[in-house]
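Engineer: My structure is below; once you've seen it, I'll send some questions.
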Amino acid sequence: MSSLYIIIPAYNESENIEKTISDWYPVVESHNEEGNSRLVIINDGSKDNTYDLVCRLAKKHPLLVSLTKPNGGHGSTVLYGYRYAIQNHADYIFQTDSDGQTNSGEFESFWEKRDLYDAVLGDRRERGDGKSRKFVEDTVCFLLRIIFGIKVPDANAPFRLMKTELVDRYIGKLPENYNIPNIMFTTYFVYYREKVAFFPITFQPRKAGTNSINLKKIAKIGIQAVRDFHILKKEM
């Protein structure tokens with residue numbers, strides 16, 4: 258039997274968080290044979306009542322863990338969740354987001370492949386969040402090919418099932434609050450020829466609320482990412 262930790266960062270998601278929990282909690286329940294699986298929601302310093310909502314729901318959902326931290330962005334919150342899963346000896350880590358863009362019904366097909374691969378990653382072939390986001394992802398994949406010499410269909414999909422031991426192997430290579438860790442995890446997995454596979458997932462428009470990352474912020478992140486890529490490549 259294998260324990261599963263579903264890691265979900267949340268920032269100002271009061272309009273989505275209850276639906277997110279109702280979607281993903283049954284997944285954890287169905288993979289809790291030994292009583293060690295958890296749905297972990299990490300509140301990233303939200304200014305709304307996201308954390309209060311999760312705490313209230315945790316009283317009725319024993320496998321739901323509500324964590325909170327100062328605001329540090331999506332990447333640092335994902336890493337916080339990964340470290341929590343590692344410290345609690347999870348066998349598998351699954352990461353998704355709290356905005357309702359992924360489909361919990363597609364999890365089982367990934368879980369069924371866990372013995373074949375060390376990481377099963379989503380591939381958003383059709384993007385419900387718009388052409389501009391698709392362009393950003395294509396640009397990232399192009400940069401990874403130029404800088405690291407790897408070819409991936411989707412570097413940053415928030416739908417990824419990974420063996421915890423694999424995440425633990427590479428997490429120390431990243432700065433503590435690195436802002437785009439999933440991109441680098443994908444890069445490490447492929448660059449070092451880990452057993453990784455990509456499978457199509459649906460990716461819907463955001464259900465409610467406002468995305469905190471706009472194109473101006475994406476451009477700023479992108480410039481820093483190129484610098485970081487070159488630094489991390491030298492360390493490989």
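Letter by letter, the sequence shown follows residues 258 to 493 in our numbering. Here a beta-carbon is modelled for each residue, glycine too, at the ideal position from N, C-alpha and C. The model shown is predicted, which means the values in this text are computed figures rather than measured ones.
1. On the premise that N269 lies in contact with K304, defined as a C-beta separation below 8 Å, what is that separation, rounded to the nearest angstrom?
2. Can you tell me which residues form a DSSP beta bridge with K326?
3. Just curious, the alpha helix (DSSP H) that I403 is in, first and last residue?
4. Assign V284 to one of three DSSP states: helix, strand, or coil.
5. Can you tell which of K370, D375, G330, V284 has its C-alpha closest to the C-alpha of V424?
6. Between the C-alpha atoms of E290 and M258, what's the straight-line distance to the nearest angstrom?
7. For my contact list, L296 and I278 are in at a C-beta cut-off of 8 Å; report their separation, rounded to the angstrom.
8. Can you tell which of Q358, I265, D348, S287 has the C-alpha that lies nearest to the C-alpha of V322?
9. Runs of 3 residues minimum, wholly inside the stretch 431 to 461: which ones carry the beta strand (DSSP E) assignment?
10. Report the CB separation of F351 from L431 in whole angstroms; it is logged as a contact under 8 Å.
11. So what does DSSP say about R417, is it helix, strand or coil?
12. Short of 6 Å in beta carbon distance, which residues of its chain neighbour N439, apart from the five on each side in sequence? Order them along the chain.
13. Let's test the definition: count the other Cβ atoms within 10 Å of the Cβ of K316 and tell me whether it reaches 16, buried, or not, exposed.
14. To the nearest whole angstrom, what separates the beta carbons of V483 and L400, a pair I think is in contact under 8 Å?
Structural biologist: In short:
1. Their Cβ separation, rounded to whole angstroms, is 6 Å, which keeps K304 and N269 in contact under 8 Å.
2. D301
3. 388 to 405
4. helix
5. D375
6. 7 Å
7. Confirmed, Cβ separation roughly 7 Å.
8. I265
9. Segments of the beta strand (DSSP E) lying fully in the stretch 431 to 461: 453 to 457.
10. Not a contact, Cβ separation roughly 19 Å.
11. strand
12. N413
13. exposed
14. 6 Å
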